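Below is one structure; the comments refer to it alone.
2 protein chains.
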Amino acid sequence: MKGGTTSKSLGICRHCRVEEAEIRLNYARLNLCGKCFVKFVERKVARTINEYHMIEKHDRILVAISGGKDSAALLHLIRRIMPDTEVICLHIDLGIKGFSDVCRQKAEELVKYENVELTIVSLEDFLGYRLDELTSRRRRICSLCGLMRRYILNYYGLAYGVTKIATGHNLDDAVAILWDFYIRGDLLEALKFQPVTKLIHPKAIPRIKPLIELTDFELKIYADIKSLPYTLTQCSFGRESKLNRRKKLVESIELMYPAFKHTFLKSHVKRVSPLLSGLTSRSINWKSCSRCGMPSRGDVCSVCRIKKSLKKRG
Amino acid sequence: MKGGTTSKSLGICRHCRVEEAEIRLNYARLNLCGKCFVKFVERKVARTINEYHMIEKHDRILVAISGGKDSAALLHLIRRIMPDTEVICLHIDLGIKGFSDVCRQKAEELVKYENVELTIVSLEDFLGYRLDELTSRRRRICSLCGLMRRYILNYYGLAYGVTKIATGHNLDDAVAILWDFYIRGDLLEALKFQPVTKLIHPKAIPRIKPLIELTDFELKIYADIKSLPYTLTQCSFGRESKLNRRKKLVESIELMYPAFKHTFLKSHVKRVSPLLSGLTSRSINWKSCSRCGMPSRGDVCSVCRIKKSLKKRG
Numbered sequence: 000m001k002g003g004t005t006s007k008s009l010g011i012c013r014h015c016r017v018e019e020a021e022i023r024l025n026y027a028r029l030n031l032c033g034k035c036f037v038k039f040v041e042r043k044v045a046r047t048i049n050e051y052h053m054i055e056k057h058d059r060i061l062v063a064i065s066g067g068k069d070s071a072a073l074l075h076l077i078r079r080i081m082p083d084t085e086v087i088c089l090h091i092d093l094g095i096k097g098f099s100d101v102c103r104q105k106a107e108e109l110v111k112y113e114n115v116e117l118t119i120v121s122l123e124d125f126l127g128y129r130l131d132e133l134t135s136r137r138r139r140i141c142s143l144c145g146l147m148r149r150y151i152l153n154y155y156g157l158a159y160g161v162t163k164i165a166t167g168h169n170l171d172d173a174v175a176i177l178w179d180f181y182i183r184g185d186l187l188e189a190l191k192f193q194p195v196t197k198l199i200h201p202k203a204i205p206r207i208k209p210l211i212e213l214t215d216f217e218l219k220i221y222a223d224i225k226s227l228p229y230t231l232t233q234c235s236f237g238r239e240s241k242l243n244r245r246k247k248l249v250e251s252i253e254l255m256y257p258a259f260k261h262t263f264l265k266s267h268v269k270r271v272s273p274l275l276s277g278l279t280s281r282s283i284n285w286k287s288c289s290r291c292g293m294p295s296r297g298d299v300c301s302v303c304r305i306k307k308s309l310k311k312r313g
Numbered sequence: 000m001k002g003g004t005t006s007k008s009l010g011i012c013r014h015c016r017v018e019e020a021e022i023r024l025n026y027a028r029l030n031l032c033g034k035c036f037v038k039f040v041e042r043k044v045a046r047t048i049n050e051y052h053m054i055e056k057h058d059r060i061l062v063a064i065s066g067g068k069d070s071a072a073l074l075h076l077i078r079r080i081m082p083d084t085e086v087i088c089l090h091i092d093l094g095i096k097g098f099s100d101v102c103r104q105k106a107e108e109l110v111k112y113e114n115v116e117l118t119i120v121s122l123e124d125f126l127g128y129r130l131d132e133l134t135s136r137r138r139r140i141c142s143l144c145g146l147m148r149r150y151i152l153n154y155y156g157l158a159y160g161v162t163k164i165a166t167g168h169n170l171d172d173a174v175a176i177l178w179d180f181y182i183r184g185d186l187l188e189a190l191k192f193q194p195v196t197k198l199i200h201p202k203a204i205p206r207i208k209p210l211i212e213l214t215d216f217e218l219k220i221y222a223d224i225k226s227l228p229y230t231l232t233q234c235s236f237g238r239e240s241k242l243n244r245r246k247k248l249v250e251s252i253e254l255m256y257p258a259f260k261h262t263f264l265k266s267h268v269k270r271v272s273p274l275l276s277g278l279t280s281r282s283i284n285w286k287s288c289s290r291c292g293m294p295s296r297g298d299v300c301s302v303c304r305i306k307k308s309l310k311k312r313g
């Protein structure tokens with residue numbers, strides 16, 4: 000996790016001009032002390048929330064808590080910035096040996112620290128299988144996992160009557176996800192990735208990404224300064240995943256093309272998306288799944304098809 | 000110039016399976032002997048020319064000869080692949096000390112080697128100034144140079160009654176040029192860069208890029224095998240130019256994302272351009288310059304404006 004350094008020899012903090020700077024943000028050429036860094040992060044997230052109208056007065060927010068640094072920071076930041084907003088926390092226990100137990104424990108520590116309730120849903124209860132039981136059955140385990148997590152969040156969001164789902168996607172995630180779409184020319188797929196995602200379907204809860212302008216590095220430092228409970232353990236499937244390989248690539252590009260990540264995301268959201276907006280609305284036609292009633296591109300949604308194929312194979 | 004290696008220890012040629020391979024093309028994981036490499040390059044260019052209908056029976060082609068490896072290969076390849084096509088060669092002497100003389104000499108050697116005529120146009124005759132006299136006057140010297148070269152090629156193309164102008168842009172150039180447009184979200188600007196460029200204006204000669212699918216590495220090896228006269232000397236302005244910095248960046252990405260350059264160009268031409276084609280035709284409205292009659296976006300074209308401002312400043 001590059002993008003900056005922490006050190007004691009960075010001179011005076013550029014914001015307060017009093018304290019010793021401890022954190023260097025490469026993309027902004029900015030040296031800050033811990034206090035000013037915290038303010039900087041919180042102002043940035045507040046600005047993102049405002050700019051994209053992510054959270055409004057009446058909103059009830061479902062926050063997806065994974066056990067990692069991003070969702071820990073997400074919960075803490077939403078509660079700091081919008082203290083009056085009702086927040087419901089959900090953790091999905093994927094059932095991956097040597098990983099899910101640690102994540103669950105950290106999620107529990109976090110909600111205790113934040114003094115909020117936590118609902119835990121296990122993939123095994125939901126699907127009949129733990130994720131690591133599915134490896135031999137289905138090749139693309141990471142995309143299956145993503146699909147299941149999105150479905151479960153929306154499902155419980157509906158059950159709890161929330162108006163938005165907040166996820167911890169950060170700038171590094173965003174650029175790593177968008178990169179392949181751009182290089183392969185899949186611009187219509189790229190367009191689906193936005194700070195606020197709205198499907199035009201009565202059962203699709205809008206999804207917000209309040210951390211989308213913060214880097215991996217910034218979120219780790221923030222979570223550390225705030226002593227938030229989190230784990231850096233990576234899932235055994237994800238460690239070698241395409242997303243992680245792309246994150247490394249993006250990090251290397253950033254070294255040669257300063258502020259690449261910020262420029263790329265901004266271009267995507269502010270220039271390419273408006274340019275193409277007319278083309279997308281035509282291209283996606285959301286139906287209701289004939290089995291579960293959830294948003295679907297076909298007659299039966301992907302999750303119901305997976306459930307059926309799992310039953311068949313026993 | 001990476002993208003491959005030349006060596007004596009590459010095993011047997013993968014095409015003929017007889018000769019020792021001497022050339023390794025990384026992106027294709029292909030080891031070839033010199034003869035098969037030449038065939039490979041010539042087949043590739045023939046395919047590009049056919050695929051984009053670059054050269055047809057009745058065409059008279061103006062070939063821009065810079066003195067470098069790309070335009071040397073371009074002239075040689077067009078004459079090999081389309082021996083019956085009438086070719087007119089033009090060299091622009093930019094008047095850059097320690098560079099233009101070498102280029103001019105190599106251009107003259109090349110046409111002698113190819114047994115064709117060469118017209119030499121000097122920027123000084125055309126504009127009243129050598130390029131290196133303009134450095135103190137105009138900051139963005141590389142874009143000024145590009146603008147002047149495009150104008151002069153079109154101007155002489157009209158004078159000679161050619162139907163197409165062929166330039167030596169290769170794959171590395173293409174991706175380096177496109178990169179910034181994509182990262183900055185300037186997709187409408189990116190769309191102007193195509194294997195075949197047609198402006199809808201009676202005085203705009205269509206421009207073709209027959210080498211667009213060959214890398215810097217491939218073209219250098221081809222020019223060397225064919226003993227074509229060329230210089231690798233770089234212009235003193237261009238050496239540190241944005242284009243050269245981007246070429247280095249693109250080369251580094253290619254090391255981490257195999258066949259990046261080929262994938263990116265293909266996506267641009269085959270996916271993004273068709274997707275956006277409706278948007279471009281609306282966005283560009285070509286007029287005729289009120290001074291010279293050439294294609295212009297405003298009432299007076301950029302070259303006439305530059306000429307006027309140079310006169311004023313004396």
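So the protein sequences, as listed, match chains A and B. Position 117 of the first sequence, counting from 1, maps to 116 under numbering that gives the first Met the number 0, and the rest follow consecutively. Position 110 of the second sequence, counting from 1, maps to 109 under numbering that gives the first Met the number 0, and the rest follow consecutively. Glycine included, C-beta positions come from ideal geometry on N, C-alpha and C. The structure presented is a predicted model; accordingly, all values stated were derived computationally and were not measured.
Checking 8 angstroms against the spacing of the C-beta atoms, do residue i and residue j come in under that value?
| i | j | result |
| --- | --- | --- |
| tyrosine 229/A | glycine 94/A | no |
| isoleucine 80/A | valine 44/A | yes |
| glycine 167/B | leucine 73/B | yes |
| phenylalanine 216/B | lysine 1/B | yes |
| serine 289/A | valine 302/A | no |
| lysine 202/B | proline 294/B | yes |
| tyrosine 256/A | leucine 248/B | yes |
| valine 271/B | glycine 277/A | no |
| aspartate 179/A | arginine 245/A | yes |
Helix, strand or coil: how does DSSP classify residue i here?
| i | result |
| --- | --- |
| glutamate 85/A | strand |
| glycine 127/B | coil |
| alanine 63/A | strand |
| serine 121/A | strand |
| asparagine 30/A | strand |
| leucine 152/B | helix |
| proline 273/A | helix |
| glutamate 116/B | coil |
| lysine 163/A | strand |
| threonine 5/B | strand |
| valine 195/A | strand |
| glutamate 212/B | coil |
| leucine 190/B | coil |
| histidine 267/A | helix |
| arginine 16/B | coil |
What residue from the options has the CA that sits closest to residue i's CA?
| i | options | result |
| --- | --- | --- |
| cysteine 35/B | Lys219/B, Asn49/B and Val17/B | Val17/B |
| serine 99/B | Val268/B, Ser289/B, Gly237/B and Val86/B | Gly237/B |
| aspartate 58/B | Ser142/B, Leu198/B and Pro205/B | Pro205/B |
| aspartate 83/A | Lys96/A, Ser65/A, Ile60/A and His90/A | Ile60/A |
| phenylalanine 192/B | Ile207/B, Pro201/B, Ile199/B and Ile182/B | Ile207/B |
| leucine 187/A | Cys291/A, Leu177/A and Pro194/A | Leu177/A |
| glutamate 113/B | Leu254/B, Leu227/B, Leu157/B and Leu278/B | Leu227/B |
| isoleucine 199/B | Lys105/B, Ala71/B, Val161/B and Trp285/B | Trp285/B |
| lysine 49/A | Arg13/A, Asp124/A, Tyr159/A and Ile77/A | In the sequence as presented, lysine is not what sits at residue 49/A; that position holds asparagine. Among Arg13/A, Asp124/A, Tyr159/A and Ile77/A, the Cα nearest to that of asparagine 49/A is on Ile77/A. |
| valine 161/A | Ala222/A, Tyr26/A and Leu89/A | Leu89/A |
| serine 70/B | Lys96/B, Lys219/B, Cys141/B and Leu143/B | Lys219/B |
| leucine 29/B | Glu239/B, Ile182/B, Thr196/B and Thr5/B | Thr5/B |
| lysine 163/A | Gly3/A, Ile252/A, Cys12/A and Met53/A | Met53/A |
| valine 105/A | Leu254/A, Gly292/A and Ala222/A | Correcting the residue type first, residue 105/A is lysine in the shown sequence and not valine. Selected option, being the one with the closest Cα: Ala222/A. |
| glycine 156/B | Leu143/B, Ile182/B, Ala27/B and Ile119/B | Ile119/B |
| leucine 231/A | Arg13/A, Ser65/A and Glu19/A | Ser65/A |
| valine 86/B | Ile182/B, Val115/B and Gln233/B | Val115/B |
| lysine 96/A | Asp124/A, Leu126/A, Leu117/A and Glu132/A | Glu132/A |
| aspartate 92/A | Lys111/A, His75/A and Leu117/A | Leu117/A |
For residue i and residue j, which I take to be in contact (beta-carbon distance under 8 angstroms), what is that distance rounded to the nearest angstrom?
| i | j | result |
| --- | --- | --- |
| cysteine 32/B | glutamate 41/B | Not a contact, Cβ separation roughly 15 angstroms. |
| alanine 165/B | isoleucine 211/B | In fact, because the Cβ distance is near 11 angstroms, the residues do not count as touching under 8 angstroms. |
| leucine 130/B | leucine 122/B | 6 angstroms |
| leucine 275/A | leucine 190/A | 6 angstroms |
| leucine 309/B | tyrosine 128/B | 6 angstroms |
| serine 240/A | cysteine 102/A | With a Cβ gap of about 16 angstroms, serine 240/A and cysteine 102/A do not count as contacting. |
Any Cβ of chain D within less than 8 angstroms of the Cβ of residue i?
| i | result |
| --- | --- |
| serine 266/B | Here the protein chains are A and B, and chain D is not one of them. |
Please identify, using Cβ separations under 8 angstroms, the residues of the stretch 248-262 of chain A that lie next to chain B, in order along the chain. Flagged, chain order: Leu248, Ser251, Ile252, Met255, Tyr256, Phe259 and Thr262.
Residues, ordered as in the chain, of the stretch 169-200 of chain B that lie near chain A by beta-carbon distance below 8 angstroms: Taking a C-beta cut-off of 8 angstroms against chain A, the contacting residues of the stretch 169-200 of chain B are Tyr181, Ile182, Arg183, Gly184, Asp185, Leu186 and Leu187, listed in chain order.
Taking beta-carbon pairs under 7 angstroms, can you tell me which members of the stretch 144-161 of chain B lie near chain A? Flagged: no residues at all.
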